[in-house]
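Just below is one structure, and these are the notes that go with it.
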Amino acid sequence: MAACASTTIGASTTVGGTDMPGASTTVGGPDIPSAEVTVGDDRLRVWVADDPDERGQGLRQVERLPEGIDGMLFVFPEPSTPSFVMLGALIPLDLWFFDMDGRMVGSVAMEPCAEEPCPRYSPPVEVVWALETPLAVRNYELGDVLTTSASG
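Written as structure tokens, this is what we have:
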């Protein structure tokens, strides 16, 4: 689940250049902030991976998401075509890709991979966000819009 983009973010969590109010560190998972996002009418609380180390770690070695966490949002500092891999992942995931306007432009179902070579998953176009959720729990459609409490 490593991505190729990099960014440096300060104490607040940033999505597409917009600070995300309500971001907080979640105990029992990665030591990274969480925030609320909405896709269409679906509200989620997600861990936010917005620096290279967090994006590189992703949900590796996570056996299940804790109560109150619905997935992980990967934030890229500029539009890019990151590559994701499930090496070391323990749970199957859906991966949803969102462009600069927050529109979903593609998705893929991903299965854990124990050893290389593992499949690589990339968006069909440049994106600034990618959302991982447990496989088959959510059902989004192309064009659904991802928003944060900061972006409306």
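The number in the numbering used here is simply the position in the sequence shown, starting from 1, with 705 added.
Note that beta-carbon positions come from the ideal geometry of N, C-alpha and C, so glycine has one too.
Values in this document were obtained by computation on a predicted structure and should not be read as measured data.
**Request:** Please list, in chain order, all residues of the same chain as P828 whose beta carbon is under 8 Å from its beta carbon, the five residues on each side excluded.
**Result:** T786, P787, F802, V810, G811 and A835
**Secondary structure of M822, DSSP reduced to three states** = Note that residue 822 is Pro in the sequence shown here, rather than Met. The answer is coil: DSSP assigns P822 none of H, G, I, E or B.
**Request:** Counting only runs of 3+ residues fully inside the region 757-841, write out the beta strand (DSSP E) ranges in chain order.
**Result:** 776-785, 798-803, 809-815 and 832-839
**Request:** Can you grab the Cα-Cα spacing for the pair P817 / L840, in whole Å?
**Result:** 11 Å
**Request:** Give the single residue among T838, V780 and E772 whose Cα lies nearest to the Cα of V832.
**Result:** V780
**Prompt:** In terms of DSSP beta bridges, what is L851 paired with?
**Reply:** V744
**Request:** Can you say whether E837 is buried or exposed, counting buried as having 16 or more other CB atoms within 10 angstroms of its CB?
**Result:** buried
**Message:** Is the separation between the beta-carbon of L851 and that of G793 shorter than 8 Å?
**Reply:** no
**In DSSP terms, what R843 is bridged to** = Answer is none; R843 lacks a bridge partner.
**Request:** Would you kindly check if the distance between the Cβ of R825 and the Cβ of V790 is under 8 Å?
**Result:** yes
**Prompt:** In its own chain, which residues sit with a C-beta less than 7 Å from the C-beta of R748, not counting the 5 before and 5 after it?
**Reply:** E741
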